[in-house]
Each structure stands twice: as C-alpha cells, then as structure tokens.
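Engineer: Can you read through this structure? Questions will come right after.
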Amino acid sequence: MSLYSRRFEILNIMDYFIQNIVSLLKEKTHLPGEEIERLIEIPPDFKMGDYAFPCYILSKTLKKAPNIIATELSRTLQTFINENTPESPFLKRGLREITEVKAVGPYVNFSVDKATLSEIALKTIYEEHDEYGNKNIGKGKTVVIDFSSPNIAKHLAVHHLRSALIGNAIRHIYKALGYTCVGINHLGDWGTQFGQLIVAYKKWGNENAHTSYTVTDLNNLYVKFHQEAEKNPGLEDEARAWFKKLESGDSEAKELWQHFKDISLKEFQKIYDLLGIHFDAFIGESFYNTMVEDTITRIKEKGLARVSEQALIVDLEPHNMPPCLLRKKDDTTLYATRDIAAAEYRKNTYNFDRMIYVVGSEQKLHFQQLFKVLELMGYEWANRCVHVDFGLMKFKDGKMSTRRGKVVLLEDLLTGAVERIRKIIEEKNPSLENKESVARDVGIGAVIFADLCTKRNKDVIFDWDEVLNFEGETGPYIQYTHARLCSILRKYGRPVTADIRFELLKEDEAIILIKNLGQFPSVILKAAEFYEPSLICNYLIDVCGHLNRFYNIHRVLSGDEELEKARILLVDATRQVVKNGLYVLGMQAPERM
Ligand code: ARG
C-alpha cells in the first residue's frame, strides 16, 4: 500500500530543484516528467552531485550503453545551461542554480548551488518550526490504530509495551501527515479465562480483602486455577459455565468481572501515564458481545459458515489457512469472532481509510484469517486493514524473561530506568534544576528509543548498559545532543534570525547536515508507508552524528558576527528537527540535562 508513488529518497524541500531538473530532462530526453521524477536519486556522496539521473531507461530507445548516454546527455545539458546565461529570462531560477552537470558512470549528476539549498532548507525549518515535517496528505482521512490492547487480570506484558510504543509512534507519524487518528485499546476483557477467574475467586479468593486486590492477586488466582484444574478437570467445566453466564448477562458474574477489570485498568493506566501515552477509546472485546450474533448472521447469510465438530467455523482451506473459529460447541464466541465484529463496528463508527493493528508477530495467522474473512464477507475495505507486527523484546541480563512463567513487571522496568538515569544525573550534573522530571523524561525516553530503534519485526535485545548510555546510539544520546544545542543557543543569548548570508555555511560538514535536515519530511513519509518508527530513530542518530562532526570542527560562537548568525541558524534548525523527531517517537526533549 503506497501513500505516495514517488521515490522517498527525494528530499521534499528540494522539490524546488527537482522540478527544474525534471523539466530540463524532459525537454532533452522526451521521457514523461513523472517517470523522470521517479527515477531521480540522491547520490550517496554529495561531492558526486546532489541529484542523479540513471540513464539505463534510455539505452533501449537510443541503442547505446548507459555510460555513453550519460556522457552525451550531461554535455548537452551543461551546454544548454552555459548558453543561457544566469541573466537569461528563459532560465528559471532553479536552473540557474544548477552549478554543474556531469556524468558519473551511467548517471547524470547535478550539483546545485549550496547557498540556495541552505536557504530553502533552513528557512523552511525556521518558518515551520514545530510543524516542520508535517503535511496534509491525510486531511479528511481517518486511521484507526489498535494498539497495546493488554488482557485484564494479567500484568501488562512486554509485547503490550512494544505495541504501545510502536502504536503511539505510528499514531504521531500519521497525525503529522494530517490524518485523523483514533487510537483504540482493544482490551482483552472477554473469554473463557474470566470464567476461570470467577471460579478461582469464589473458591480461593479472599472476599473481604478483594477491594485491595491487585493484578498480582488476580494473576495468582489464575495460576492456582490451572494447578488445581490439572488435578480436577471438572473445574474447567465450571469455568465454562461461568463464562456462559457472563455472556448471557448474569449479574453476579458481571459484577465480579467489572471489578477485575477496574483493578486492571488502574494498573495499566499507571504505566500509560508514565509513558505519556493516550488512547481515544478503551473498547475491549466485551463491548462486542452484543454484536457478535449479528456478525455471525451476516457471515452465515454469505454462505461462509459451517458446522464442524459441533463448532461454527469459516472454512479457509481454499485459502491455505486453518479454519476461523466463530463459535465453540458450548456456544461461546471467540477472540476472532469479536475481532470481526470490532472491524465492522469501527468501519461503521469511524469510516476509516485504513486500520492498523499493532500486534506481535505471533498473531500473524490470526490477522491473515481475520482479513480473509472480512474480504469474503465482501468488504472492499478488508485490504485497508494492516497487521503491523513486531518481534520479541529479550533482556540481556536474563533476569526478565517473558514467555515462560516469570512476569516482567513493566512498572519496575520503567521506574528502574528513571532511577538509573537519576543516579547518572546526580554524578554528571548535580546542580541541575528539575532533576526529577529530567530523569523521568530521559529514563522513559531511553526505554522508548531502545524499543523503537530496532526494525520492528526484529527482536529487541534490551541491555541496560547500552540503553542508558549517553554516548551510544541511544535515546539519552539524542536528548543530550538536543540539550547541548539548547545550551549553545542560551549562550548566544540573542534572537535567532533567518536573515543570514547563506553562503557562509559552506563547509562540507555544514552542507551534509543541512541536506540531512531537509530530509526529515520524507523520512516521516517513509516511516508511515512502512509503519516503521525505526527509520526516524536512525535518522535522528544520523542528524546528531552530522551535527557533532560539524560542531567538533567549526566554532559556532566564533566572535565573527555574520558567521555566528549563520551557524546559530543551523544550530537552531538542528535543535528543531531533533525536537520534532523525538516528539514523533513519543519522547520528550528536555532543554537541560
Ligand atoms: N489482547 C490481545 C493479546 O494480548 C491483543 C489484541 C490485539 N488487538 C486485536 N484487535 N486483536 O494478545
């Protein structure tokens, strides 16, 4: 699903040059403009040129090798530009600013005037500040994002944390593109397990103490249930009976269930607050209880449902998938049934343009089945549902393992990160104001960045020492770079202006950085297309790297007024881009650290 047919390597800000290069090439090659635009690339080293046009496409019609075409074409173009003097009224401004056209292998490479390039990039950032990177291509369109979605009466698991962080970033990314985003927490608050919990609670729970119950207590009841059920299989029947009661609205069952839900939500909310994550709606599976019957009727009417071993299924064998179970033999519904009903409900309620499920890779099959059933039901929007999957988070010290037994208390993970950062700050900068909130922003940020900077479908290896390092490719490093930029601006102490002599920003390190800053909008676009926040993390690492290389060689506060003004604008633009990037990832950008 492509948001944009165009190549993302193209710098958005630099459209200015591209359009002119395209029209020039169009005239000389007779290729369609769109085709040319799609083919234009950014050379890896700007010394080779700022834009490159690969000539392979012309070799068929011209019956020549691409290298030869590149040589000839570059000569023709260079001559054309030379002949039309800069004053020529026939030459558009952007063309005048092409300083060199040369062949590099099969490519025609274009170099543009660096002062103009800097002016366009830095002025855009200066004018758009917090909005820089935003677009309105999603205006009037809604994206539903189903994320985090933990199961009540259990602790929030690591994959719910990953889903929360990835989903939150995707939400910011789509918002930046102008989409209306609806973030839904699809709580796992329905299913046979609540029958089990009620049985366990009634048998072994402490009725008097239940008001002070925590999720740990509920979790222990589950464990107890499973231990006992091994010895006494009759318990499972009791549990099923209770769940059936719950499904048919029995008041005692409902009251207990609501109570378990409240306890769980309170604990989840604490973690979401720590992370700064909001949902537009907590609509759990239970919400669809009253709708599943109608959904099943529609599925039946389409002739899709059949009974197999007393259960109701949609046979997906023709699509090489196991059947989708709609109803068990005891008449109770399933996770998948509720997901089908939820999809219909969301389409009717939000009329989404796209629906994104941020759920671990282990549910790949579930979503393939779900989307297939929706398609078979005749919903054209089925192909606008996307499963954004992700790998596991593994802990290097082995203390926190997720899948088997040992529970990861995410609250401990997060407060642990804050605690460790607090200690580092205490050592490095004991006189810092707002130590508490900075420790929190940086500690939480460290966890967020560690999670997001790996390509999402890979497993994340969580190593405390690496995650909290101020010098590695980490959240604290990016935030620290941001704080340093703020500190330079404080030292400068005067207002930043975009009214500078752009030709003063001429060093290689400055140009590389400026081109990089100009790429931010297209990085956001690409991150949206691939649902990949890691692209933004890697981009920020690059920006900070380029900034530090610039800063290590060139003095910003040199005492030369004009030069200072120019370099300060670059510092401020970098600060702005880093801030906007952190925001999209769901991180804070403290000004002092
Ligand atoms: N509660 C589920 C789990 O923990 C995740 C739900 C994901 N969302 C959905 N619509 N199925 O595995």
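Numbering (the working numbering), first residue to last: 699 to 1291. Yeah, the Cβ is synthetic: ideal placement off N, Cα and C, and Gly gets one too.
Are the beta-carbon atoms of Arg1052 and Val1282 separated by less than 9 Å?
Structural biologist: Contact flag unset, no.
Engineer: Considering only heavy atoms of the ligand ARG, does any lie closer than 8 Å to the CB of Val1057?
Structural biologist: Under cutoff, so the answer is yes.
Engineer: Going straight from the alpha carbon of Asn987 to that of Leu954, what length do you get?
Structural biologist: Cα to Cα, the separation comes out at about 17 Å.
Engineer: Could you have a look at Met1019 and say whether DSSP puts it in helix, strand or coil?
Structural biologist: Reduced to three states, the DSSP call for Met1019 is coil.
Engineer: Report back the beta-carbon spacing between His1085 and Lys1062 to the nearest angstrom; my notes put them in contact at under 8 Å.
Structural biologist: The pair is a contact, with the Cβ atoms about 7 Å apart (cut-off 8 Å).
Engineer: What distance in whole Å lies between the Cβ atoms of Gln1177 and Pro1021, which are believed to be in contact at a cut-off of 8 Å?
Structural biologist: Between Gln1177 and Pro1021 the Cβ distance is about 49 Å, and since that is not below 8 Å, they are no contact.
Engineer: Quick one: what's got a C-beta closer than 7 Å to Lys837's C-beta in the same chain, skipping five residues either side?
Structural biologist: Contacts found: Gly876.
Engineer: According to DSSP, is Gly865 helix, strand or coil?
Structural biologist: Helix at Gly865.
Engineer: Does any CB atom of chain D fall closer than 9 Å to the CB of Leu1267?
Structural biologist: Chain labels in this structure do not include chain D; a single protein chain is all it has.
Engineer: Is Asp978 close to the ligand ARG? I mean its beta-carbon at under 8 Å from any heavy atom of the ligand.
Structural biologist: Because no heavy atom of the ligand ARG lies under 8 Å away, the Cβ of Asp978 does not count as near it: no.
Engineer: Between the alpha carbons of Tyr1077 and Val880, how many angstroms are there, rounded?
Structural biologist: If you take the alpha carbons of Tyr1077 and Val880, they lie about 21 Å apart.
Engineer: Distance check for Tyr920 and Arg1102, CA to CA, integer angstroms please.
Structural biologist: Summary for Arg1102: the model assigns pLDDT 41, below 50, so the residue's position carries little reliability; its value from the coordinates is reported in the next sentence. Each residue's Cα considered, the two are about 15 Å apart.
Engineer: Specify, as a first and last residue, the run of the beta strand (DSSP E) that Asp844 falls within.
Structural biologist: Here the beta strand (DSSP E) through Asp844 covers 840–844.
Engineer: Residues in its own chain within less than 8 Å of Lys1133 by CB, not counting five upstream and five downstream?
Structural biologist: Hits under 8 Å: Arg1120, Ile1123, Glu1124.
Engineer: Do Ser846 and Leu859 have their C-beta atoms closer together than 9 Å?
Structural biologist: Yes.
Engineer: Drop a sphere of 10 angstroms on the beta-carbon of Ala898, count the other beta-carbons inside from all chains shown, and report buried for 16 or more, exposed for fewer.
Structural biologist: When all chains shown are included, Ala898 counts as buried.
Engineer: Quick check: Leu820 and Phe778, are their CB atoms within less than 9 Å of each other?
Structural biologist: Cβ distance not < 9 Å, so Leu820 and Phe778 don't count as in contact.
Engineer: With a threshold of 8 Å on Cβ separation, who are the neighbours of Val1005 within its own chain once the five nearest residues in sequence on each side are excluded?
Structural biologist: Once the five neighbours on either side are set aside, the close Cβ partners of Val1005 are Ile1011.
Engineer: Under 8 Å from any heavy atom of the ligand ARG, does the C-beta of Gln1066 make it?
Structural biologist: No, the ligand ARG has no heavy atom inside 8 Å of this Cβ.
Engineer: Among His976, Pro1174, Leu1074, which residue has its Cα nearest to the Cα of Gly1141?
Structural biologist: It is Pro1174 whose Cα lies nearest to the Cα of Gly1141.
Engineer: Between which residues of its own chain and Gly1279 is the CB-CB distance below 6 Å, once the five residues before and five after are set aside?
Structural biologist: Contacts found: Ile1234, Leu1238.
Engineer: When every heavy atom of the ligand ARG is checked, does at least one fall within less than 8 Å of the C-beta of Asn917?
Structural biologist: Not so, every heavy atom of the ligand ARG lies at least 8 Å from the Cβ.
Engineer: Taking Val880 as part of the beta strand (DSSP E), name the residues at either end of that continuous run.
Structural biologist: Where Val880 is concerned, the enclosing beta strand (DSSP E) stretches over 878–883.
Engineer: Give a single yes or no on whether Leu863 has its beta carbon closer than 8 Å to a heavy atom of the ligand ARG.
Structural biologist: Result no, Cβ not under 8 Å from the ligand ARG.
Engineer: Grab the span of the beta strand (DSSP E) containing Thr1272 for me, first residue to last.
Structural biologist: Per DSSP, Thr1272 belongs to no beta strand (DSSP E); it is in the alpha helix (DSSP H), 1259–1283.
Engineer: State buried or exposed for Asn834, treating a residue as buried only when at least 16 other CB atoms are found within 10 Å of its CB.
Structural biologist: Exposed: under 16 other Cβ atoms inside 10 Å.
Engineer: Which residue marks the beginning of the alpha helix (DSSP H) containing Ile1198, and which one marks its end?
Structural biologist: Per DSSP, Ile1198 belongs to no alpha helix (DSSP H) and is neither H nor E.
Engineer: Is Gln1217 near the ligand ARG, with its Cβ less than 8 Å from a heavy atom?
Structural biologist: No - the ligand ARG has no heavy atom lying nearer than 8 Å to the Cβ of Gln1217.
Engineer: Quick check: the stretch 954–967 against the stretch 994–1008, are there 3 or more CB pairs under 8 Å?
Structural biologist: The stretch 954–967, when compared against the stretch 994–1008, does not touch it at the 8 Å Cβ threshold.
Engineer: So, at 7 Å on beta carbons, what are the nonlocal neighbours of Pro741 in its own chain, with the 5 sequence-adjacent residues on each side left out?
Structural biologist: Within the same chain, Pro741 has close Cβ partners Gly747, Ala750, Asn807.
Engineer: Identify which residue in Lys959, Glu1171, Gly1216, Ser1135 has its Cα closest to the Cα of Thr822.
Structural biologist: Checking every option, the nearest Cα to that of Thr822 belongs to Gly1216.
Engineer: Go to His1085, then tell me how far its beta strand (DSSP E) extends in each direction, as first and last residue.
Structural biologist: Its beta strand (DSSP E) spans residues 1083–1086.
Engineer: According to the neighbour-count rule (16 or more other Cβ atoms, all chains shown, within 10 Å of its Cβ), is Glu983 buried or exposed?
Structural biologist: That one is buried.
Engineer: Taking the beta carbon of Asp743 as the centre, do at least 16 other beta carbons fall within 10 Å, making it buried, or is it exposed?
Structural biologist: When all chains shown are included, Asp743 counts as exposed.
Engineer: Measure the Cβ-Cβ separation of Thr814 and Glu798 and say whether it is below 9 Å.
Structural biologist: No, the pair does not count as a contact, with Cβ atoms beyond the cut-off.
Engineer: What does a CB cutoff of less than 6 Å around Ile1210 pick up in its chain, not counting 5 residues either side in sequence?
Structural biologist: If we look at Ile1210 and ignore the five residues flanking it on each side, its Cβ neighbours are His1244.
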